[in-house]
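Asks: Reminder that position 55 of the sequence shown reads as 57 in the numbering used here, one-by-one numbering, no gaps.
Using N, Cα and C, we set each Cβ at its ideal position, and we do this for glycine too.
Please read through the structure below; I'll follow up with questions.
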Amino acid sequence: MCALAVGLEAGAAPIAASLAGALGVALLVRMVLMGVSWDGRELRCVSWLVTRRVPADDVTAVRVVGYSGFANRFSESRMLSMLVVERVSARPVVLRGTIARAATAKAAARDIEGAVLGRVGAAQDASLKGTRADARALVRETQAALAAVDRAFGSPADATDAHFEAAVEADTLQAAVAGGLRRDGMGTSGVLFGKESCRELLRRTDLRPPQREAVARMLSVLERW
Numbered sequence: 003m004c005a006l007a008v009g010l011e012a013g014a015a016p017i018a019a020s021l022a023g024a025l026g027v028a029l030l031v032r033m034v035l036m037g038v039s040w041d042g043r044e045l046r047c048v049s050w051l052v053t054r055r056v057p058a059d060d061v062t063a064v065r066v067v068g069y070s071g072f073a074n075r076f077s078e079s080r081m082l083s084m085l086v087v088e089r090v091s092a093r094p095v096v097l098r099g100t101i102a103r104a105a106t107a108k109a110a111a112r113d114i115e116g117a118v119l120g121r122v123g124a125a126q127d128a129s130l131k132g133t134r135a136d137a138r139a140l141v142r143e144t145q146a147a148l149a150a151v152d153r154a155f156g157s158p159a160d161a162t163d164a165h166f167e168a169a170v171e172a173d174t175l176q177a178a179v180a181g182g183l184r185r186d187g188m189g190t191s192g193v194l195f196g197k198e199s200c201r202e203l204l205r206r207t208d209l210r211p212p213q214r215e216a217v218a219r220m221l222s223v224l225e226r227w
């Protein structure tokens, strides 16, 4: 449309033609940049007009919905899909620039969730996995794993000098996981910090078998978030 305007108005209205041409170039450049990228700390969501940055700990899920935008007068499409980033602190970010076939959009959503939340292979269809009931069941498993770690290590105040450091690390692990745990979900920072704490503990050579088993169980549960 911009190219047509330039062709029609170049002689009669050069200023309007120049503006239309500049707009066309700007849209082309913007179109190349559109999409979602992840730098390890935040999602960069580039759409037609704005760029939004969403910190990792603010992302709760990436959903696939039917496309709704200017192309179809904001009625939900049954053939094309787009991504929506759910956030803790604000309204979801609707990414109309991610318009694609449903299968492509679902694959992209799985990749993004895998990178940001560690949910590799997480399904976007509620009929398959990822329902609220699944999350609550995982919350209960996480609570049980926390209790097992607490029983295995006890309080740092009661630990002997030889086991004090491991008990402190286990206490830090419990605080991170418990702090990120909600009734029907788990905060991203709690998951990431908890997994790293588990791995650090498992590298220790002074853990007793029950302690090692409890930490391995905790890591296994966290890997499923």
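Which residues in the same chain as V67 place their Cβ atom closer than 7 Å to its Cβ, once the five residues preceding and following it in sequence are excluded?
Replies: If we look at V67 and ignore the five residues flanking it on each side, its Cβ neighbours are S83, M84 and V86.
Asks: Could you pull out every residue in the same chain whose Cβ sits closer than 7 Å to the Cβ of P158, ignoring the five residues on either side in sequence?
Replies: If we look at P158 and ignore the five residues flanking it on each side, its Cβ neighbours are F166, A169, V170 and D173.
Asks: When the Cα atoms are used, what is the spatial distance from V52 to L30?
Replies: Approximately 15 Å, taken between the alpha carbons.
Asks: Output needed for S77: all residues of its chain with C-beta closer than 7 Å, excluding positions within five of it in sequence on either side, in chain order.
Replies: These residues qualify, in order along the chain: S70.
Asks: In whole angstroms, what separates the C-alpha of R185 from that of A149?
Replies: Rounded to whole angstroms, R185 to A149 spans 16 Å at the Cα level.
Asks: What's the gap between the Cα of A117 and the Cα of S49?
Replies: Distance between the alpha carbons of A117 and S49 is about 20 Å.
Asks: Between R219 and S191, what straight-line distance do the alpha-carbon atoms span, to the nearest angstrom?
Replies: So the alpha carbons of these two residues sit roughly 19 Å apart.
Asks: Which partner residues of S39 appear in the DSSP bridge assignment?
Replies: Answer is R46.
Asks: Taking the beta carbon of Q126 as the centre, do at least 16 other beta carbons fall within 10 Å, making it buried, or is it exposed?
Replies: For Q126, the predicted structure reports a pLDDT of 39, less than 50, and the residue's modelled location is therefore unreliable. A value from the coordinates is still provided. Label assigned to Q126: buried.
Asks: Check whether the Cβ atoms of R226 and L119 sit closer than 8 Å, and answer yes or no.
Replies: No, they are not a contact pair.
Asks: Which of the three DSSP states, helix, strand or coil, is assigned to M33?
Replies: Correct three-state label for M33: helix.
Asks: Can V151 and L175 be called in contact, C-beta distance under 8 Å?
Replies: Contact: yes.
Asks: So S222 is in the alpha helix (DSSP H); what residue range does that whole segment cover?
Replies: Its alpha helix (DSSP H) spans residues P211 to L224.
Asks: If you follow the alpha helix (DSSP H) that T174 is in, where does it begin and where does it stop?
Replies: Where T174 is concerned, the enclosing alpha helix (DSSP H) stretches over F166 to G182.
Asks: Just checking my contact of E115 with V64 at CB under 8 Å: how many whole Å lie between their CB atoms?
Replies: Rounded, the Cβ-Cβ distance is 5 Å, consistent with contact.
Asks: In the DSSP assignment, find the alpha helix (DSSP H) that holds E202 and state where it starts and stops.
Replies: From DSSP, the alpha helix (DSSP H) with E202 extends over T190 to L204.
Asks: Take W40 and list the residues in its own chain whose beta-carbon comes closer than 8 Å to its own, dropping the five residues that flank it on each side.
Replies: Result list for W40: R46, I114, A117 and V118, in chain order.
Asks: Note down the Cα distance separating R142 from L25, rounded to an integer number of angstroms.
Replies: Their Cα atoms are separated by approximately 54 Å.
Asks: If we count the other Cβ atoms within 10 Å of its Cβ and call it buried at 16 or more, is G189 buried or exposed?
Replies: Flag for G189 reads buried.
Asks: Between the beta-carbon of L203 and the beta-carbon of V217, is there less than 8 Å?
Replies: Contact flag set, yes.
Asks: Starting from G71, follow the alpha helix (DSSP H) in both directions and report where the run begins and ends.
Replies: Run containing G71: none; DSSP gives neither H nor E here.
Asks: From the DSSP output, in three-state form, read off G23 for me.
Replies: Residue state, collapsed to three classes: helix.
Asks: Report the CB separation of A110 from T100 in whole angstroms; it is logged as a contact under 8 Å.
Replies: Contact flag correct, Cβ pair sits at about 7 Å.
Asks: Is T207 helix, strand or coil when you go by DSSP?
Replies: Coil at T207, not helix or strand.
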